[in-house]
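J.: Order-wise, the sequence lines are chains A and B. In terms of our numbering, the first sequence is residues 4 to 183. In terms of our numbering, the second sequence is residues 634 to 778. Glycine included, each C-beta is placed from N, C-alpha and C at the ideal position. Please see the structure below; I have some questions.
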Amino acid sequence: MSRQSNRTTDSKKMNSELFTLTYGALVTQLCKDYENDEEVNKQLDKMGYNIGVRLIEDFLARSSIGRCQDFRETADVIAKVAFKMYLGITPSVTNWSPAGDEFSLILESNPLVDFVELPDNHSTLIYSNLLCGVLRGALEMVQMAVDVKFVQDTLRGDNVTEIRMKFIKRIEENLPAGDE
Amino acid sequence: MTVHNLYIFDRNGNCLYYNEWNRKKQAGISKDEEYKLMYGMLFSIRSFVSKMSPLDMKEGFLSFQTSRYRLHYYETPSGLKFVMNTDLSVSNARETLQHIYSNLYVELIVKNPVCSSTPSLDSELFSSRLDAFIRALPYYSPRAA
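Put into structure tokens, the structure is as follows:
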């Protein structure tokens, strides 16, 4: 697929600091607009979800990756292809649950938090919660319902940033009602 | 050599887009009826071929042909379905359908914040670009039809 590889290489370079600062401005504004951190977390997740449901199409078109055979393959694609493509980092996939339906993405560095320090009065703010929404939205569009949440965050004093993903179910495709 | 028509369905079976180029005979039913029949048939073929497949298959159903036309099918993992009918001289339109998805649909519909993709695409830019793309295909040639 020469055409697709051309497209990937000529994709525009974007200044990562500008991106980081823009995201910071967004979160700051949300903190002003909403009363408490829980509400901000919820809004970030919602915004991420809306990004995810569209971003998946861009991802599929650019990566020309087919359907994954199992959740392990999905985890690999998310870490090695998706995070690489959109954030320039490759998180490691670890801590599989025995049933193989739950894993952690460990982010050694998180470009979203490059210049960030959480003030004391925002101790429950999940600053990068947008990422959870993006993952949830994108996977929902490929028939996978997942639960995504931050369990560790360097912003809150942990050593690494850890996103926990749990597979809930496959969303089955059904014939639209009334069609025989 | 020619292209007859093109359907784009979303994952729920709504027809997002339809256009026809060299279609000389109509089905004699309403367009809505036709979309439903088309989607229903694709849905059944798809589930049938996957049940009949001796091995797990990745791509699944790609195309079928009759004595008069060939139907080319491309489905994205997100459930969008691109269906193009051509005459028999077009042996493989997979690249064409992939191009429509990644260079037209994603660029002009998905990345357009004011363009929501339900229930039908309402983008003149998309329609005109797609029309131009189809007309520029090497196998698009109405006179030879």
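CB-CB under 6 Å to residue 656 of chain B, same chain, minus the five flanking residues each way: which ones, in chain order?
T.: As a working note, residue 656 of chain B is residue 23 in the second sequence. 637 and 638.
J.: Which value, in whole angstroms, describes the spacing of the CA atoms of residue 110 of chain A and residue 161 of chain A?
T.: Taking the first sequence and counting its residues from 1, one reaches residue 110 of chain A at position 107. Taking the first sequence and counting its residues from 1, one reaches residue 161 of chain A at position 158. Spanning the two alpha carbons is a distance of roughly 12 Å.
J.: Could you say if the segment 126-136 of chain A and the segment 41-55 of chain A meet the contact criterion of at least three C-beta pairs nearer than 8 Å?
T.: Enough Cβ pairs lie closer than 8 Å, so yes.
J.: I want to verify the contact list: residues of chain A whose CB lies under 9 Å from the CB of residue 744 of chain B, in sequence order.
T.: Here residue 744 of chain B corresponds to residue number 111 of the second sequence, with the count starting at 1. Ordered by position in chain A, the residues that pass the 9 Å Cβ test against residue 744 of chain B are 57, 60 and 61.
J.: Can you give the beta carbon distance from residue 641 of chain B to residue 713 of chain B, rounded, assuming they're within the 8 Å contact cut?
T.: Translated into positions along the second sequence, residue 641 of chain B becomes position 8. Translated into positions along the second sequence, residue 713 of chain B becomes position 80. Indeed, because the Cβ distance is near 7 Å, the residues count as touching under 8 Å.
J.: Can you give me the start and stop residues for the beta strand (DSSP E) that residue 150 of chain A sits inside?
T.: The residue labelled residue 150 of chain A in the question sits at position 147 within the first sequence. Element bounds for residue 150 of chain A: 147-155.
J.: Is it the case that the Cβ atoms of residue 63 of chain A and residue 711 of chain B are separated by a distance below 8 Å?
T.: Looking up residue 63 of chain A in the first sequence gives position 60. Looking up residue 711 of chain B in the second sequence gives position 78. Contact: yes.
J.: Thinking residue 56 of chain A and residue 143 of chain A are a contact (beta carbons under 8 Å), I'd like their distance in whole angstroms, please.
T.: Counting from one through the first sequence, the residue named residue 56 of chain A turns up at place 53. Counting from one through the first sequence, the residue named residue 143 of chain A turns up at place 140. Confirmed, about 7 Å.
J.: Does the segment 729-748 of chain B come into contact with the segment 756-773 of chain B, if we say contact requires no fewer than three beta-carbon pairs (one atom in each stretch) closer than 8 Å?
T.: With a cut-off of 8 Å, the segment 756-773 of chain B and the segment 729-748 of chain B count as touching, because enough Cβ pairs lie within range.
J.: In angstroms, rounded to a whole number, what distance separates the CA positions of residue 733 of chain B and residue 29 of chain A?
T.: Translated into positions along the second sequence, residue 733 of chain B becomes position 100. Translated into positions along the first sequence, residue 29 of chain A becomes position 26. Cα to Cα, residue 733 of chain B sits roughly 34 Å from residue 29 of chain A.
J.: So, at 6 Å on beta carbons, what are the nonlocal neighbours of residue 84 of chain A in its own chain, with the 5 sequence-adjacent residues on each side left out?
T.: Here the question's residue 84 of chain A lines up with position 81 in the first sequence. Here the set comprises 66.
J.: Can you give me the Cβ contacts of residue 654 of chain B inside the same chain, cut-off strictly under 6 Å, excluding the 5 residues immediately before and after it?
T.: By 1-based counting over the second sequence, the position of residue 654 of chain B is 21. Around residue 654 of chain B: 636.
J.: Compare the C-beta of residue 772 of chain B with all C-beta atoms of chain A and state if any pair is closer than 8 Å.
T.: Along the second sequence, read from residue 1 onward, the residue named residue 772 of chain B stands at position 139. No, residue 772 of chain B lies away from the interface with chain A (no Cβ there is under 8 Å from its Cβ).
J.: Which word fits residue 165 of chain A, buried or exposed, when buried means at least 16 other C-beta atoms lie within 10 angstroms of its C-beta?
T.: Here residue 165 of chain A refers to the residue found at position 162 when the first sequence is read from its first residue. Answer is buried; the Cβ neighbour count reaches 16.
J.: Using DSSP bridges, identify the partner residues of residue 169 of chain A.
T.: Walking along the first sequence from the start, residue 169 of chain A turns up at place 166. Note: residue 169 of chain A sits in a beta bridge opposite A:105 and A:150.
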